[in-house]
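In what follows, a structure is listed as structure tokens, so that the remarks can point back to it.
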Amino acid sequence: MQWIINAINYAVSKKVNIISMSLGGPQDTKELHDAILNAVNNNILVVCAAGNRGDKANAKTDELDYPGAYDEVIEVGALDSNKAIAPFSNSNLYVDLVAPGVNILSTYKNQGYATLSGTSMATPHVSGALAIIIEWANKEFERNMTESEYYAQLIKFTKALQLSRRLQGNGYINLNLQ
1 MQWIINAINY AVSKKVNIIS MSLGGPQDTK ELHDAILNAV NNNILVVCAA
51 GNRGDKANAK TDELDYPGAY DEVIEVGALD SNKAIAPFSN SNLYVDLVAP
101 GVNILSTYKN QGYATLSGTS MATPHVSGAL AIIIEWANKE FERNMTESEY
151 YAQLIKFTKA LQLSRRLQGN GYINLNLQ
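Residue 1 is where the sequence shown starts when you use this note's numbering, and the numbers rise one by one after that.
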């Protein structure tokens, strides 16, 4: 856990715009939450995987993985290419949105590639969308925005599914800046 806290604090010291974390677990600690709060208080968007302990897209279950389940984090669930929630994607009240997370081509060990599934595959989609939104919003509004303003812009680019908010949050990312 300490290495995650150290990495967050390092990113804060480098004044990054986004911290993307394809990780999580059931352990909630004050030190981890404090590191997240420090990042957000420094106007950094923190994006994290929701977790892969879901019960076959059952909205009545409540799987919490941290740091994703902190209010201050943008928690990302996974959906497949048919816009169905991945059966492994955690459901809870902290899911902010969903993104593609099933059969995603990704880099892999030994300088290779692999097709992987998980909320860890969905998270970079949202982080990448946020990077684009930051550039667009700064030009569009002619100023740097706050973390909460960027979040509001992100949510404008989601489309709700006909599902429980516990599974999808605000919906799936549908970025179109034309």
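Think of the CB as a built atom: it goes at the ideal place given N, C-alpha and C, for glycine as much as any other residue. Remember, predicted model here, so these are calculated numbers, not experimental data.
Report task. Within the same chain, show all residues whose beta-carbon is closer than 8 Å to that of Asn138, passing over the 5 residues directly before and after it, in chain order. Result -> One-based indexing of the sequence shown puts residue 138 at position 138. Correct list, in chain order: Asn144, Met145.
Legend entry - Close Cβ partners of Ser117 (< 8 Å) along its chain, the five nearest in sequence each way excluded: Indexing the sequence shown from 1 puts residue 117 at position 117. Excluding residues within five positions, the ones whose Cβ falls inside 8 Å are Ala78, Ala86, Phe88, Gly101, Val102, Asn103, Ile104.
State the beta-bridge partners of Ser89 as determined by DSSP.
On the sequence shown, residue 89 is found 89 positions in, with the first residue counted as 1. According to DSSP, residue pairing for Ser89 in a beta bridge does not occur.
C-alpha gap between Ser81 and Ala99, whole angstroms: In the sequence shown, the residue the question calls residue 81 occupies position 81. In the sequence shown, the residue the question calls residue 99 occupies position 99. Going from the Cα of Ser81 to the Cα of Ala99 covers about 10 Å.
Check whether the region 105–115 and the region 54–73 are in contact - that is, three or more C-beta pairs closer than 8 Å. no
Between the alpha carbons of Arg165 and Ile155, how many angstroms are there, rounded?
On the sequence shown, residue 165 is found 165 positions in, with the first residue counted as 1. On the sequence shown, residue 155 is found 155 positions in, with the first residue counted as 1. In a straight line, the C-alpha of Arg165 is about 13 Å away from that of Ile155.
Q.
In the DSSP assignment, the beta strand (DSSP E) including Asp96 goes from what residue to what residue?
A. In the sequence shown, residue 96 corresponds to position 96, counting from 1. The continuous beta strand (DSSP E) containing Asp96 extends over residues 95–100.
Check: Taking the C-alpha atoms as reference points, what is the distance between Ile5 and Asn52?
Finding: As a working note, residue 5 is residue 5 in the sequence shown. As a working note, residue 52 is residue 52 in the sequence shown. Approximately 21 Å, taken between the alpha carbons.
Locate the alpha helix (DSSP H) running through Thr119, then write down its first and last residues.
Position 119 of the sequence shown, counted from the first residue, corresponds to residue 119. Here the alpha helix (DSSP H) through Thr119 covers 119–140.
* Where does Phe141 land, buried or exposed, given buried means 16+ other C-beta within 10 angstroms? -> Position 141 of the sequence shown, counted from the start, is the residue given in the question as residue 141. With fewer than 16 other Cβ atoms within 10 Å, it is exposed.
Review point. Near Ser22, which residues of its chain fall below 6 Å by C-beta distance, leaving aside the five closest residues on each side in sequence?
Key: The count along the sequence shown starts at 1 and reaches residue 22 at position 22. Answer for Ser22: Ala49, Ser120, Thr123, listed in chain order.
Exercise for review: For Lys56, write down the residues that DSSP places opposite it in a beta bridge.
Suggested key: The count along the sequence shown starts at 1 and reaches residue 56 at position 56. According to DSSP, Lys56 bridges with nothing at all.
Between the beta-carbon of Val40 and the beta-carbon of Glu147, is there less than 8 Å?
Numbered from its first residue, the sequence shown carries residue 40 at position 40. Numbered from its first residue, the sequence shown carries residue 147 at position 147. In contact: Val40 and Glu147 (Cβ atoms closer than 8 Å).
Just verifying my parser: in three-state terms, what is the DSSP assignment at Ser164? Here residue 164 corresponds to residue number 164 of the sequence shown, with the count starting at 1. Three-state DSSP puts Ser164 in coil, outside helix and strand.
Notebook entry, point to check: What residues match up with Met21 in a beta bridge as DSSP calls it?
Noted result: Sequence index remark: in the sequence shown, residue 21 carries index 21 (1-based). Met21 pairs with Cys48.
>> Beta-carbon within less than 6 Å of Val95's beta-carbon, same chain only, minus the 5 sequence neighbours each way: which residues are those?
In response: For the purposes of this step, residue 95 is taken as residue 95 along the sequence shown, with counting starting at 1. Answer for Val95: Ala50, Glu75, Gly77, Gly169, listed in chain order.
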